[in-house]
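For our numbering, count along the sequence shown from 1 and bump the result up by 2. Ideal placement from N, C-alpha and C gives every residue a C-beta, glycine not left out. Nothing here was measured: the structure is a model prediction, and the numbers come from that model.
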Amino acid sequence: MKVTFRYKNEDYYELLVFKDNENSLHRRSKIINMLTIPATIFILLGTTIEYIMPNYIPTFIVSGILVVFWLIFSRKIYDYNRKRLLVRIAEKEFSKSIDSMKDTSITLTKEYIIKEIEGLYCKIEWSFISNVIITENNIFINLISGSVLNIPKRVFSTREEEVLFLRYLDEQINKNCGIKVDDNKFINQTDNDINDEVELSRISEENSNIKIVNNKIGMYSDRIIFDNINGSVKSGKWQKFVAFILLFSVALTIGGSIFYKEFTRPTEITQEEIYSLITESKLIEEKAIEEVKKTVEYEPSYVGDTYIIDISTEKDGEILVDLGQEVNYPAAYVQLYSTVNLKYKRGWYIEDIIYRDNYGLQPLFTAGESFLNGLSTDIYGKGYFEYNGVKYAFAPSYVDSLCTITEDGDFDSMKVGIAPYNKDGRIDMYVTMKYNFDIWGWELIEFETSGTR
3 MKVTFRYKNE DYYELLVFKD NENSLHRRSK IINMLTIPAT IFILLGTTIE
53 YIMPNYIPTF IVSGILVVFW LIFSRKIYDY NRKRLLVRIA EKEFSKSIDS
103 MKDTSITLTK EYIIKEIEGL YCKIEWSFIS NVIITENNIF INLISGSVLN
153 IPKRVFSTRE EEVLFLRYLD EQINKNCGIK VDDNKFINQT DNDINDEVEL
203 SRISEENSNI KIVNNKIGMY SDRIIFDNIN GSVKSGKWQK FVAFILLFSV
253 ALTIGGSIFY KEFTRPTEIT QEEIYSLITE SKLIEEKAIE EVKKTVEYEP
303 SYVGDTYIID ISTEKDGEIL VDLGQEVNYP AAYVQLYSTV NLKYKRGWYI
353 EDIIYRDNYG LQPLFTAGES FLNGLSTDIY GKGYFEYNGV KYAFAPSYVD
403 SLCTITEDGD FDSMKVGIAP YNKDGRIDMY VTMKYNFDIW GWELIEFETS
453 GTR
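Shown next, in the form of structure tokens:
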């Protein structure tokens, strides 16, 4: 039985795929390949986390998607890359091979398998054959030396020829390996038996995802093995493309986060610059006036003294400034204490102002100070102090010794106890004052004295 053919590039490629599938190192390589990307991502994130904070969320999301995707599809991508490599090897090596230029003849005899390539002659004893692997397009005869003899199925013009070839091959392998075979079984096989085998062979190829162990159905011995070798290089192509896009996205988000952080990194700002930023801001004045109007119905004259109490850095790009302010009226003021939140975005700016304390309206002079000033003016100017038609001629030295001992009340009625500063707490006179907002000053509404000097 003899077949003659010329090898094609596709035949050589499938032979490489067949040999490559037998390589036991691939399982370990696939595991290493599967773990490489996750390990790289974790190392990359670990070394760059300081630089991408606080904008790490996009990087973490894309990295997580890539790791999950890679764990699912890394085996397909590995197979795709491997088969692409085999395609290139086949194209390069086969073009140099004599198999691509000369016809090959395979002859099956009772003693040998004879391989001839126009001038080259090789005999292979049947006992040197390990097994035969049948794929969709080829018959691979494995030798115990590790070599493989490849016969393309396209050399058979009909399915019957292929079946007869395989039956003869199976019979000779088993006969020469010490397995008793009836010589007449193959010769006397009926056409119906062959047709049954052809039909089973056709069914097995139509169901290409199912491996058929032929000795279970009695067609061949266990030396003949049907296998499905997927030589397609398309499987894994889109997965590799998506993985590349995700990997590029990880690098892009890391680079983008670092660039954004550098671009938005806060510049150094001194206390003098903070003070200038606050005092020159109209927002500070507007907020202060808005705050005092919550407790005082009168329109303020201006926002006066503004001073910094404390400065603290809350976090990168955010500064808290404790601030004191005075909002002035004609003869009064309101003391305010607030916290100013400074933030950085292409420059420092005032984000917000939170008022903690509002002490309300406070006259420039207390009721006691106002009365004593008026009393001193009258004594030194007129020589007496007059109230309700009664003139009080206090000695100037006595008036100079007076001070406010007690003050109790509000703007409508403030009772003041007055005595010399060394009087041991005894009160010489009581006055009741009322604040007049029309003149922004205190007015005397009641006066009484103990008569002591």
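Assignment of Phe142 by DSSP, reduced to helix, strand and coil, places it in the strand class.
Of Val336, Tyr346 and Tyr300, the smallest CA-CA separation from Leu322 is found for Tyr346. If you check the CB distance, Glu16 and Thr137 come in under 8 Å.
The straight-line gap separating the alpha-carbon atoms of Trp128 and Val157 is approximately 22 Å. About 6 Å separates the beta carbons of Val342 and Ile280, which is inside the 8 Å limit, making them a contact pair.
In the DSSP assignment, Asn133 falls within the unbroken beta strand (DSSP E) covering Ile131 to Ile136. Distance check between Glu95 and each of Leu18, Tyr82 and Lys85 places Leu18 closest, using alpha-carbon atoms only. Per the C-alpha coordinates, the member of Gly362, Leu46, Glu52 and Ile352 positioned closest to Ser65 is Leu46. The Cβ atoms of Gly238 and Asp22 do not sit closer than 8 Å to each other. With a contact defined as Cβ atoms closer than 8 Å, Val69 and Ile43 qualify at about 6 Å. Within the region 301 to 367, the beta strand (DSSP E) runs of at least 3 residues that lie entirely inside it are, in chain order, 304 to 317, 320 to 331, 334 to 346 and 350 to 365. Annotated three-state conformation of Gly121 is coil, per DSSP. Taking the Cα of Tyr423 as reference, the smallest distance to any Cα among Phe439, Val433, Asn438 and Ser399 is reached at Ser399.
In terms of Cα proximity to Asp410, the closest of Asn390, Tyr432, Lys263 and Ala334 is Tyr432.
Per DSSP, the continuous alpha helix (DSSP H) segment holding Ser76 begins and ends at Ile59 to Phe96. When Asp414, Ser259, Ile175 and Thr38 are compared, the shortest CA-CA separation from Met55 is found for Ser259. For Val401 against Ser378, the beta-carbon gap comes to about 5 Å, under 8 Å, which counts as contact. The straight-line gap separating the alpha-carbon atoms of Leu363 and Lys436 is approximately 14 Å. Excluding residues up to 5 positions away in sequence, Trp350 lie with their Cβ nearer than 7 Å to the Cβ of Ile271 in the same chain. When secondary structure is reduced to three states using DSSP, Lys104 falls in the coil class, being assigned neither helix nor strand. Three or more beta-carbon pairs separated by less than 8 Å are not found between the region 298 to 307 and the region 246 to 266, which leaves the two stretches without contact. Take the alpha-carbon of Ser149 and the one of Phe20: they are about 12 Å apart. Selection Lys393, Tyr361, Thr160 and Gln174 evaluated against Asp380 yields Lys393 as nearest (Cα-Cα).
Non-local beta-carbon contacts of Ile39 in its own chain, meaning distances under 8 Å to residues more than five positions away in sequence, involve Leu68, Val69, Trp72, Ser76, Ala245 and Leu249 in chain order. The straight-line gap separating the alpha-carbon atoms of Phe243 and Asn35 is approximately 16 Å. Within the region 367 to 413, the complete beta strand (DSSP E) segments at least 3 residues long are 387 to 389, 392 to 394 and 404 to 411, listed from N- to C-terminus. The Cβ atoms of Thr255 and Thr49 do not sit closer than 8 Å to each other. About 15 Å separates the beta carbons of Ile313 and Ile286, which is beyond the 8 Å limit, so they are not a contact pair. Distance check between Leu171 and each of Phe130, Gln273 and Phe413 places Phe130 closest, using alpha-carbon atoms only.
Non-local C-beta neighbours of Glu120 in its own chain, meaning closer than 7 Å and more than five positions away in sequence, comprise Lys104 and Asp105, ordered along the chain.
For Phe7, the pairing in a beta bridge is given by DSSP as Thr106. Residue range Leu27 to Ile54 is occupied by the alpha helix (DSSP H) that includes Met36. By alpha-carbon distance to Gly443, the top candidate from Ile74, Tyr335, Glu388 and Glu353 is Tyr335.
Across the structure, Ile175 and Lys10 are spaced so that their CA atoms are roughly 27 Å apart. Residue environment analysis places Asp307 among the exposed positions, since fewer than 16 neighbouring C-beta atoms fall within 10 angstroms of its C-beta. Nearest in C-alpha terms to Asp101, of all of Lys117, Thr160, Lys112 and Leu87, is Lys117.
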